[in-house]
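Engineer:
In full-length UniProt numbering, the protein residues as written are 1 to 39.
1) Name the two residues that bound the continuous alpha helix (DSSP H) containing residue 33.
2) Please return the same chain residues whose Cβ sits closer than 8 Å to the Cβ of residue 14, not counting the five positions on each side in sequence.
3) Classify residue 8 as helix, strand or coil using the three-state DSSP reduction.
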């Protein structure tokens, strides 16, 4: 699922808003988080 699609599912109208919130919650951007899960 793309960041854009995921943002829409969560109700975010703009991707940058979600990325900022995600970085606040996890300490890293979504792409880095995804990489950390896959190794």
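Note that the Cβ used here is the ideal one computed from N, Cα and C, for glycine as well.
Structural biologist: In terms of the structure at hand:
1) 30-38
2) 7, listed in sequence order.
3) helix
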